[in-house]
Ligand code: NDP
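In the UniProt record's numbering, the protein residues as written are 1 to 278.
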């Protein structure tokens with residue numbers, strides 16, 4: 001049976017095995033998918049062992065997305081632009097390894113498909129300037145956004161991203177946002193939610209038509225989502241749909257079969273709610 005895996009450290013929390021097993025069942029694809037805890041200093045060796053044992057492809061998560069660049073023979077444009085790889089594909093004929101990055105397309109598909117929201121001509125604010133932001137900038141620009149403003153605690157990192165991409169981009173420090181007009185879309189890509197925190201933000205960033213999106217997913221509203229609800233955002237979402245959509249794109253790259261993401265997202269959401277408080 002064709003072997004796939006997700007590499008990370010830690011990895012026990014990963015929902016990727018469950019997502020890909022559901023995709024495989026739904027599409028009748030004959031594959032196995034496991035979670036592999038790679039040693040912090042040993043991602044490349046762990047990947048090579050997996051390939052030597054017949055591994056056909058993998059997902060890569062924290063903290064190996066940058067290191068995964070080094071095991072690739074070729075990179076997709078998306079991976080080059082993101083300077084990070086979350087999907088590895090082994091060509092079964094040549095043995096060559098292609099690196100791709102499906103995080104950005106996952107976010108855009110979730111916003112368009114599951115949230116039914118068009119990004120064309122919208123004023124978009126991204127909070128944060130880390131690895132995830134590098135992956136989502138180009139896919140957002142390709143939707144024809146009007147403005148893409150990146151605000152980060154360390155403003156130099158946001159400025160560096162503005163220089164690295166071409167489009168209607170601007171940057172600032174997080175603590176200057178009270179001087180800005182409201183945005184149509186505010187995306188929280190800081191890792192603050194992971195520790196139950198969020199940057200201090202003015203309510204004036206949102207209107208009743210705004211979409212507020214947290215890349216982190218959670219059974220309960222994250223601090224950013226709570227803030228957005230209180231500030232009157234029209235739509236508030238977490239990153240579970242992005243997680244499922246980036247996986248669906250990876251599955252397609254491996255198998256050339258596109259799974260239906262909606263039932264898988266619904267199953268994960270139900271499970272997340274059922275586990276709440278356990
Ligand atoms: P990084 O560590 O690369 O970047 C973290 C960012 O958060 C930096 O911009 C950092 O600012 C900022 N930050 C951290 N703590 C705070 C704080 N207390 N206040 C303000 N800013 C803060 O992380 P990633 O970019 O890889 O990931 C970001 C988030 O996106 C994570 O929560 C991750 O789980 C999520 N994610 C979700 C995905 C999904 O499928 N749903 C996919 C990928 C990521 P500074 O530069 O100043 O340090």
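Where is the CB? At the ideal position from N, CA and C, for every residue including glycine.
Please read these numbers as outputs of a predicted model, since none were measured by experiment.
- Per DSSP, the beta bridge partners of residue 99 are 75 and 88.
- With respect to the 8 angstroms criterion, residue 68 and residue 60 are classified as neighbours on the basis of their beta carbons.
- Rounded to the nearest whole angstrom, the C-alpha separation of residue 143 and residue 75 is 22 angstroms.
- Restricting attention to alpha helix (DSSP H) runs no shorter than 4 residues, the stretch 144-225 encloses them at 155-164, ordered along the chain.
- Counting C-beta atoms within 10 angstroms of its own C-beta, residue 146 has fewer than 16 neighbours from the protein chains shown and is therefore classed as exposed.
- For residue 124, the shortest C-beta to heavy atom distance toward the ligand NDP is 7 angstroms or greater.
- In this structure, the ligand NDP has no non-hydrogen atom nearer than 7 angstroms to the beta-carbon of residue 117.
- Sequence-distant partners of residue 202 (beyond 5 residues in either direction) whose C-beta falls short of 7 angstroms from its own C-beta, in its chain, are 177 and 178.
- Taking the Cβ of residue 191 as the reference point, at least one heavy atom of the ligand NDP falls within a distance shorter than 7 angstroms.
- When the beta-carbon positions are compared, residue 36 and residue 247 stay at least 8 angstroms from each other.
- Distance from the CA of residue 88 to the CA of residue 151, rounded to the nearest whole angstrom, comes to 31 angstroms.
- Remark: the shortest separation between the CB of residue 154 and any heavy atom of the ligand NDP falls under 7 angstroms.
- DSSP lists 36 and 60 as the beta-bridge partner residues of residue 7.
- Under the three-state reduction of DSSP, residue 235 is assigned to strand.
- Taking 8 angstroms as the cut-off, the Cβ atoms of residue 273 and residue 219 count as close.
- Residue 106 has its CB nearer than 7 angstroms to a heavy atom of the ligand NDP.
- Comparing alpha carbon positions, the residue from 95, 140, 253 and 165 closest to residue 187 is 140.
- Straight-line measurement puts the Cα of residue 126 at about 19 angstroms from the Cα of residue 196.
- Straight through space, the alpha carbons of residue 155 and residue 115 are spaced by roughly 30 angstroms.
- For residue 108 and residue 199, the gap between their C-alpha atoms comes out near 24 angstroms.
- Inter-residue distance for residue 81 and residue 70 is about 15 angstroms (C-alpha atoms, whole angstroms).
- Our two residues, residue 95 and residue 242, have alpha carbons roughly 30 angstroms apart in a direct line.
- Residue 121 counts as exposed, since fewer than 16 other C-beta atoms from the protein chains shown sit within 10 angstroms of its C-beta.
- Counting along the chain, residue 111 sits inside no beta strand (DSSP E), nor does DSSP assign it H or E at all.
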